[in-house]
Amino acid sequence: MAEFNNVRSVAEMPEGDDAKRSFYHRMFLEPQEKKRSMKALVVKQAKKTCSCTPAKVKDYVFSFFPVLQWLPKYKLREYLLGDIMSGVIVGVLLVPQSIAYSLLAGQEPIYGLYTSFFASIIYFIFGTSRHISVGIFGVICLMVGQVVDREIQRAGYDLGPAALSVLTDTAAYVNTTISPMNQTSQKLLCDKSCYAITVGATMTFIAGVYQVAMGFFQVGFVSVYLSDSLLSGFVTGASFTIVTSQAKYLLGLDIPRSSGIGSLIATWINIFRNIHKTNICDLITSFLCFLVLIPTKELNEHFKSRLKAPIPVELVVIVAATLASHFGKLKETYGSSVAGHIPTGFLPPRPPDWNLIPNVALDAIPIAIIGFAITVSLSEMFAKKHGYSVKANQEMYAIGFCNIIPSFFHCFITSAALAKTLVKESTGCRTQMSGMVTSLVILLVLLVIAPLFYSLQKCVLAVITIVNLRGALRKFKDLPKMWHLSRVDTVIWLVTMAASALISTEIGLLVGVCFSMLCVIFRTQRPEAPLLGWVAESETYESLSAYKNLQTKPGIVVFRFEAPLYYINKECFKSTLYKQTGVNPVWVKAAKKKAAKRMLREKEVDSGGNQTSVSMDFVSEPLGFHTIVIDCCAVQFLDTAGIRTLKEVCKDYREIDVQVLLAQCNPSVRSSLIRGEFFKEGEDHLLFHSVHQAVDFALGAQGHSGTNASK
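Position in the sequence shown (first residue = 1) + 26 = this note's numbering.
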């Protein structure tokens, strides 16, 4: 075997190594020459980036606008029917959800329809996934709603829930009562609902800018810190907060929306304090809606392979509830809270409030990360399933522009949603054209149908929101299976879920990320480090604690450390090695020195007593092995502390006549050892490409020394 960058042949070995040549054959590996000219690399990259040719411009435009690539190749007869069917069905499902989730985001129902409409069109232009449905997502709406409530309170608006105001002219000047802390402020330019969408649109703009910046600087790697277990726990924890925020609508209670740390507990305390004020009409309506929605949803899932399209039960419930509320005059008779007037058409575009950016810039960071992480993961999942490729970087651009552009049209933050994506896929979607069909369905509602939902009770919308959380809440059923597969992932799920529900969604996400990183650190801090045994009639070595019938070579201990060796686990490496070998060289050296001193003292007193022979026996007590082979196949890297630790271990064992050999080091580790001057001159042959080679070398070396001793 050759050192990483110093190759020697067998013939070049010293004369005293004749015996070693008979049992050990060095491998010849010549390292690649690495050009480390940073200047040349920068110049080359600059030329590549700054060069402009017609072909490069065309490729850039086509990659930035994927619709220009796939639309000319659209197979009308093959794709159109499936796209129309899936687009119409998703649109029908999206209308009631858009209205319902608007309440969750603290907005008027019309803004939810705007958001779904513009997101579908923009993703049609910029998106590379054929199947994902981009629109309103419950967890994102919850996070937006919390920020909106906070900013409304800061602005001095009354936080008490009132019936949604009639939206006529959002730019009209409205006299508003300012709280004492805001008495020096100018008069507000719009009412509470107008200010709410201003906050939501501003945060949407900032989140979109973050997402586009992530795509431009190619920092999508941030999403790798959001593992599946972490995201699942976060969504489940946020689902409890969503259920809590919607509970007051189920009961028809008029209580303020709690926000901040511990909002879930504070909200339930308020609910039970006001439980005697429950609106019986809203309670009965909620119960009836649950009775219809849950069984029908279960039937849709159970028979989804037989049904060509899911039953649009949400739309049926909304139509029936609206008719019952209108003709039964539930608002006038029983005081039920209704959606109110939903205007037709579009409001004139308006830029975000630039003065609000400092207030919401920090809040937009976790929302932007969650939005693009969910979108990219779903797009890659369905692309792999259907055999095509997506560009993760372009997906970040797409979801970023789905937020930046609509923010000028009174919209709030969007992302991909799993439930609607599954419906879209199962109903025959073939291309992004399905999203355009969905936007046309929503456009029809915006232009014609929207005012008909005036009498729709808010409790019906709350029921729709809660029923759509069944998937996230069902994750508790998967916990035993998750525990069986990975206990660490299960603990991450539980910690993230509990923090998201009991503290707050943003802090819960941060807690989950930090805890999952700590789990990775702890797993490398206390890794597995078994002794290895030889598999008979092979060159393989495996863990003695994991497999039976493994053999050990006399006088040789094979040790494997299954983690990088760096400053965090260097002490663990040493203590585990000492424990597994049963010999701590520091203690052995100290015991020998102590025994030698005692022997000298005894010689001064008595030159030939029995005590002296006992001491000599102790000093010469055999260790049981002469060589330690460290299998480094699982050591991905070394830092300076790791190199120093290996030096200390080799030195300490050498002083008690035990040699340490390293085997199966990857090129990075070998390079680190060479740069760290691990090998003394002439010791480069003590680095091996396999454990079997190292063991053969140790056996031959011991046999050679034994022969010399007999002579």
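Backbone N, C-alpha and C fix where the C-beta goes; we use that ideal spot for every residue, glycine too.
Review point. Going by the beta-carbon positions, is the gap between Leu591 and Thr666 smaller than 8 angstroms?
Key: By 1-based counting over the sequence shown, the position of residue 591 is 565. By 1-based counting over the sequence shown, the position of residue 666 is 640. Not in contact: Leu591 and Thr666 (Cβ atoms no closer than 8 angstroms).
Review point. Can you give the beta carbon distance from Met422 to Phe398, rounded, assuming they're within the 8 angstroms contact cut?
Key: Along the sequence shown, one-based indexing puts residue 422 at 396. Along the sequence shown, one-based indexing puts residue 398 at 372. Contact between Met422 and Phe398 holds, with the beta-carbon distance rounding to 5 angstroms and staying under 8 angstroms.
Exercise for review: Report, in whole angstroms, the separation of the C-beta atoms of Val655 and Ala720, which I expect to be a contact under 8 angstroms.
Suggested key: As a first step, residue 655 is located in the sequence shown; it is residue number 629 there, counting from the start. As a first step, residue 720 is located in the sequence shown; it is residue number 694 there, counting from the start. Sure, about 4 angstroms apart at Cβ, within 8 angstroms.
Exercise for review: Could you spell out where the alpha helix (DSSP H) holding Gly366 opens and where it closes?
Suggested key: Your numbering for residue 366 matches position 340 in the sequence shown. For Gly366, no alpha helix (DSSP H) encloses it, and the DSSP letter there is neither H nor E.
Review point. Between the Cα of Cys455 and the Cα atoms of Asn296, Gly117, Pro92, which residue gives the shortest distance?
Key: The residue you call residue 455 lines up with position 429 of the sequence shown. Cα-wise, what sits closest to Cys455 is Gly117.
Point to revise | the region 122-142 / the region 79-88 touching (three or more Cβ pairs under 8 angstroms) | key: Three or more beta-carbon pairs separated by less than 8 angstroms are not found between the region 122-142 and the region 79-88, which leaves the two stretches without contact.
Review point. Sorted by chain position, which residues of the same chain lie with C-beta nearer than 7 angstroms to Ser452's C-beta, five sequence neighbours on each side aside?
Key: Residue mapping note: residue 452 aligns to position 426 of the sequence shown, counting from 1. In its chain, beyond the 5 residues on either side, Lys330 have a beta carbon closer than 7 angstroms to the beta carbon of Ser452.
Review point. Leaving out the 5 sequence neighbours to the left and right, which residues in its chain are closer than 6 angstroms to Ile281 when beta-carbon positions are compared?
Key: Indexing the sequence shown from 1 puts residue 281 at position 255. For Ile281, same chain residues with a beta-carbon under 6 angstroms away, outside a window of 5 residues either side, are Lys274, Asn296, Asn300 in chain order.
**Study point:** Euclidean distance between Cα positions of Gly778 and His436
**Key:** Outside the modelled stretch of the chain, which goes from 27 to 737, sits residue 778, for which no answer is possible.
Point to revise | Cα-Cα separation, Thr638 to Ala617 | key: Working through the sequence shown from its first residue, we reach residue 638 at position 612. Working through the sequence shown from its first residue, we reach residue 617 at position 591. Reliability fails at Thr638, whose pLDDT of 46 lies under 50, so the model's placement of it is uncertain and the value that follows must be treated cautiously. C-alpha of Thr638 to C-alpha of Ala617: approximately 15 angstroms in a straight line.
**Study point:** Delimiting residues of the alpha helix (DSSP H) encompassing Ser542
**Key:** The count along the sequence shown starts at 1 and reaches residue 542 at position 516. Its alpha helix (DSSP H) spans residues 531-551.
**Study point:** 8 angstroms Cβ cutoff met for Ala524 and Leu290
**Key:** Within the sequence shown, numbered from 1, the residue matching residue 524 stands at position 498. Within the sequence shown, numbered from 1, the residue matching residue 290 stands at position 264. It is not a contact, given that the beta carbons lie outside the stated cut-off.
Point to revise | Glu327 - containing alpha helix (DSSP H), residue span | key: Numbered from its first residue, the sequence shown carries residue 327 at position 301. Taken as a continuous stretch (DSSP letters only), the alpha helix (DSSP H) holding Glu327 covers 306-328.
Review point. For Thr566 versus Ile594, is the C-beta spacing smaller than 8 angstroms?
Key: For this step, residue 566 is matched to residue 540 along the sequence shown. For this step, residue 594 is matched to residue 568 along the sequence shown. Their beta carbons are not under 8 angstroms apart, which means Thr566 does not touch Ile594 by this criterion.
Check your understanding: How about Gln237 and Asn494: do their beta carbons lie closer than 8 angstroms?
Key -> On the sequence shown, residue 237 is found 211 positions in, with the first residue counted as 1. On the sequence shown, residue 494 is found 468 positions in, with the first residue counted as 1. A distance of 8 angstroms or more separates the beta carbons of Gln237 and Asn494.
Practice item. Determine the DSSP secondary structure at Phe587, reduced to helix, strand or coil. Key: Taking the sequence shown and counting its residues from 1, the one referred to as residue 587 is at position 561. Looking at Phe587 - three-state DSSP - the assignment turns out to be coil, as it is neither helix nor strand.
**Study point:** Beta-carbon separation (whole angstroms), Pro375 vs Phe434, contact threshold 8 angstroms
**Key:** As a position in the sequence shown, residue 375 is number 349, starting the count at 1. As a position in the sequence shown, residue 434 is number 408, starting the count at 1. Contact between Pro375 and Phe434 holds: CB atoms are separated by about 5 angstroms, below the 8 angstroms threshold.
Check your understanding: With respect to the beta strand (DSSP E) encompassing Val686, which residues constitute its N-terminal and C-terminal limits?
Key -> Taking the sequence shown and counting its residues from 1, the one referred to as residue 686 is at position 660. Segment 685-689, the beta strand (DSSP E) holding Val686.
Practice item. Return the chain-ordered list of same chain residues with a C-beta closer than 7 angstroms to the C-beta of Thr194, the five sequence neighbours on each side being excluded. Key: Start at 1 with the first residue of the sequence shown, and residue 194 comes out as number 168. Bear in mind that the predicted position of Thr194 carries a pLDDT of just 36, short of 50, making it unreliable; the figure below should be weighed with that in mind. Around Thr194: no qualifying Cβ.
Practice item. Report the rounded CA-to-CA distance for Lys484 versus Leu314, giving the unit in angstroms. Key: In the sequence shown, the residue the question calls residue 484 occupies position 458. In the sequence shown, the residue the question calls residue 314 occupies position 288. If you draw a straight line from the Cα of Lys484 to the Cα of Leu314, it comes to about 14 angstroms.
Point to revise | Spatial neighbours of Ala197 in its chain, beta-carbon cut-off 6 angstroms, leaving aside the 5 residues before and after | key: Numbered from its first residue, the sequence shown carries residue 197 at position 171. Its pLDDT being 37, under 50, Ala197 is placed unreliably in this model, and the coordinates cannot settle the point.
**Study point:** Short Cβ contact (8 angstroms threshold) for Gln690 with Val717
**Key:** On the sequence shown, residue 690 is found 664 positions in, with the first residue counted as 1. On the sequence shown, residue 717 is found 691 positions in, with the first residue counted as 1. Contact: yes.
Practice item. Go through its chain and collect everything with a Cβ distance to Ser312's Cβ below 6 angstroms, but skip five positions before and after it. Key: Counting from one through the sequence shown, the residue named residue 312 turns up at place 286. Sequence-distant Cβ neighbours of Ser312 in its own chain, meaning closer than 6 angstroms and more than five residues away, are Leu276, Cys485, Val489.
Review point. From Ala562, Leu713, Leu557, Lys579, pick the residue whose C-alpha is nearest to that of Ala572; which is it?
Key: Numbered from its first residue, the sequence shown carries residue 572 at position 546. Nearest option by C-alpha distance: Leu557.
Check your understanding: Which two residues bound the contiguous alpha helix (DSSP H) that contains Leu168?
Key -> Start at 1 with the first residue of the sequence shown, and residue 168 comes out as number 142. Looking at the DSSP string, the run of the alpha helix (DSSP H) that includes Leu168 is 164-181.
Exercise for review: Give the straight-line distance between the Cα atoms of Glu703 and Lys620, rounded to the nearest whole angstrom.
Suggested key: Position 677 of the sequence shown, counting from 1, holds the residue named residue 703. Position 594 of the sequence shown, counting from 1, holds the residue named residue 620. C-alpha of Glu703 to C-alpha of Lys620: approximately 33 angstroms in a straight line.
Practice item. Verify whether the separation of the beta carbon atoms of Pro336 and Val471 is less than 8 angstroms. Key: Numbered from 1 along the sequence shown, position 310 holds the residue referred to as residue 336. Numbered from 1 along the sequence shown, position 445 holds the residue referred to as residue 471. Inclusion of Pro336 and Val471 in the CB contact set at 8 angstroms is not warranted, their separation being larger than that value.
Check your understanding: Can you name the start and end residues of the beta strand (DSSP E) that Gly559 belongs to?
Key -> Along the sequence shown, read from residue 1 onward, the residue named residue 559 stands at position 533. Element bounds for Gly559: 557-560.
Review point. Pick from Met462, Ala394, Thr262: whose alpha carbon is nearest that of Gly113?
Key: The count along the sequence shown starts at 1 and reaches residue 113 at position 87. Measuring C-alpha to C-alpha distances from Gly113 to each of Met462, Ala394, Thr262 identifies Met462 as the nearest.
Check your understanding: From Ala409 to Arg701, what does the alpha carbon distance come to, in whole angstroms?
Key -> Residue 409 sits at position 383 when you count from the first residue of the sequence shown. Residue 701 sits at position 675 when you count from the first residue of the sequence shown. For Ala409 and Arg701, the gap between their C-alpha atoms comes out near 44 angstroms.
Review point. Hey, how far is the Cα of Lys355 from the Cα of Ile310?
Key: Position 329 of the sequence shown, counting from 1, holds the residue named residue 355. Position 284 of the sequence shown, counting from 1, holds the residue named residue 310. If you take the alpha carbons of Lys355 and Ile310, they lie about 15 angstroms apart.
**Study point:** Any C-beta of chain C under 8 angstroms from that of Lys619
**Key:** Considering every chain present, this structure includes no chain C. It has just one protein chain.
Review point. Opposite Ile582 in the DSSP bridges: which residues?
Key: Within the sequence shown, residue 582 is the residue found at index 556, counting from 1. Beta-bridge pairing links Ile582 to Thr653.
**Study point:** Same chain, Cβ closer than 8 angstroms to Asn575, five either side skipped, listed in chain order
**Key:** Stepping through the sequence shown from its first residue, residue 575 is reached at position 549. Short of 8 angstroms from the beta carbon of Asn575, and not among the five residues preceding or following it, lie these beta carbons of its own chain, in chain order: Ala562.
Point to revise | Buried versus exposed call for Ala239 [16 or more other C-beta atoms within 10 Å across all chains shown] | key: As a position in the sequence shown, residue 239 is number 213, starting the count at 1. By the neighbour-count rule (16 or more Cβ atoms within 10 Å), Ala239 is not buried but exposed.
Check your understanding: Can you tell me the Cα-Cα spacing of Trp380 and Glu177, whole angstroms?
Key -> For the purposes of this step, residue 380 is identified with residue 354 of the sequence shown, where counting begins at 1. For the purposes of this step, residue 177 is identified with residue 151 of the sequence shown, where counting begins at 1. Near 14 angstroms, if we compare the C-alpha coordinates of Glu177 and Trp380.
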